[in-house]
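>
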Amino acid sequence: MAVRVGFIGTGGISRMHRRNLTQLPDVEIVAMCDVVEEKVQEAAAEHSARAYTDYRKMLRKGGLDVVYVCLPPFAHGKVENAVIKKGLHMFVEKPVHVDARKAAAIARKIQDAGLITATGYQDRYLDIIDTLQGLLRDHKPGMVMGYWMGGMPGVAWWRVKALSGGQAVEQTTHIFDMCRYLFGEVTEVYAGGTKGLMADVEDYDIEDASAVTLRFANGLVAVVFSACFLSVGNRGGLDIFCKDCFIEYKERKSITVHRKGVEPEQSMVENNYQLATDTAFINAIKTGDPSQIKSPYADAVRSLELSTAANKSMETGKPVRLKPIV
Ligand SMILES: NC(=O)c1ccc[n+]([C@@H]2O[C@H](COP(=O)([O-])OP(=O)(O)OC[C@H]3O[C@@H](n4cnc5c(N)ncnc54)[C@H](O)[C@@H]3O)[C@@H](O)[C@H]2O)c1
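Written out as structure tokens, the structure is:
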């Protein structure tokens with residue numbers, strides 16, 4: 002029997018998941034919800050799905066196996082709680098909330114209900130990340146530098162801290178999450194941010210740039226740089242410095258290994274990692290085995306905890322200790 006999917010949120014990322022799901026066998030997109038009527042009608046028509054402007058009505062109507070929650074950061078919480086009450090499995094886009102404690106409470110309910118979850122930390126599904134994990138088994142990192150340097154996304158909620166959580170929560174979370182995936186848990190965060198360059202942008206109240214120092218449980222230190230004011234160029238990824246090599250991970254593009262006396266060795270991304278993210282989730286629903294899901298909800302809460310700790314450190318000027326929140 003086909004897996005019956007409902008979507009809450011029909012924006013940019015929802016479109017990407019729907020494109021993926023239409024490529025998978027035995028998956029039907031049967032219901033769509035968005036608070037903007039025209040958007041939901043258009044999206045629902047594409048899939049011959051039912052359209053709703055209220056997620057509670059969509060959930061009441063039933064007939065769903067899973068729900069994709071593709072909402073902006075501020076809109077998470079009530080929706081997930083309602084989906085859990087209905088006992089439905091859930092894919093939740095990152096960041097899974099703006100408040101790590103509230104997200105941790107949701108994670109506990111998910112666990113109690115025995116639901117299968119996945120989140121949008123899609124970089125974990127890149128084939129080159131498997132290559133990188135292999136390299137890190139042989140080469141111990143001595144220092145790591147991470148980057149999410151780019152321009153400001155156009156969606157109106159992004160520039161408002163209360164709605165998006167700022168760049169650390171909304172974008173750099175991908176880099177923080179990859180750091181956790183590769184190097185283990187972070188125990189302390191110390192961050193500094195700057196403001197002032199984007200005074201001409203209406204409603205803008207987030208940092209323009211930041212530097213976040215992460216101390217890992219294994220003693221490693223990383224510094225992650227963010228900027229959202231660039232009008233030209235961008236830089237995303239990790240520079241991993243080891244004693245006998247230097248590894249460059251260019252976000253979603255390539256891994257290059259530099260060794261003394263030999264030409265740099267480059268591996269390019271070859272898989273469709275976005276499709277792989279949805280495939281892992283749908284297969285888990287079909288088989289009941291979640292072991293191929295690389296970023297379940299509870300794990301994503303830890304990445305949110307890290308991002309919000311960076312914000313707290315920027316606000317207070319003090320280091321923030323992290324304790325396992327879930
Ligand atoms: N995994 C990734 O790499 C990746 C890439 C892009 C975006 N995202 C994430 O996806 C999330 C959404 O981003 P987007 O670009 O699709 O945003 P968007 O603004 O384009 O779309 C969000 C949609 O949600 C709708 N919405 C808001 N509140 C709602 C509610 N209560 N009920 C129903 N609909 C509601 C809005 O009307 C809008 O159509 C963000 O958190 C973003 O970080 C992840």
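Each residue of the sequence shown is one higher than the last, beginning at 2 in the working numbering.
Glycine included, each C-beta is placed from N, C-alpha and C at the ideal position.
Is the beta carbon of T214 less than 7 angstroms from the beta carbon of Y191?
Contact: yes.
> Give a yes or no on contact between the stretch 184–203 and the stretch 116–132, applying the rule of three or more CB pairs nearer than 8 angstroms.
No, the stretch 184–203 is not in contact with the stretch 116–132.
> Mark A157 as exposed unless 16 or more other C-beta atoms lie within 10 angstroms of its C-beta, in which case mark it buried.
A157 is exposed by the Cβ-count criterion.
> Quick one, are the C-beta atoms of A228 and A212 less than 7 angstroms apart?
Contact: no.
> Excluding the five sequence neighbours on either side, which residues of its own chain have a C-beta within less than 7 angstroms of the C-beta of Q42, listed in chain order?
If we look at Q42 and ignore the five residues flanking it on each side, its Cβ neighbours are A52.
> Does the distance from the C-beta atom of D290 to that of L22 stay below 7 angstroms?
In this structure, L22 does not lie closer than 7 angstroms to D290 by Cβ.
> Tell me the start and end of each unbroken alpha helix (DSSP H) in the stretch 89–161 that is at least 4 residues and wholly inside, in chain order.
As far as the stretch 89–161 is concerned, its whole alpha helix (DSSP H) runs of at least 4 residues are 101–114 and 128–139.
> Buried or exposed for E39, please, with buried defined as at least 16 other CB atoms from any protein chain shown within 10 angstroms of its CB.
That one is exposed.
> Can we say the stretch 246–257 touches the stretch 133–148, given the rule of at least three CB pairs closer than 8 angstroms?
Touching, yes.
> What residue from P325, R181, A106 and M2 has the CA that sits closest to A223's CA?
Minimum Cα distance to A223 is reached at R181.
> In the DSSP assignment, what residue or residues form a beta bridge with R236?
Paired residues: M150.
> Within the present structure, is the beta-carbon of K162 separated from the nearest heavy atom of ligand 1 by less than 6 angstroms?
No, since every heavy atom of ligand 1 falls outside the 6 angstroms radius drawn around the Cβ of K162.
> Label V67 either buried or exposed according to how many other C-beta atoms from any shown protein chain fall within 10 Å of its C-beta, with 16 as the threshold for buried.
It is buried - the Cβ of V67 has at least 16 other Cβ atoms within 10 Å.
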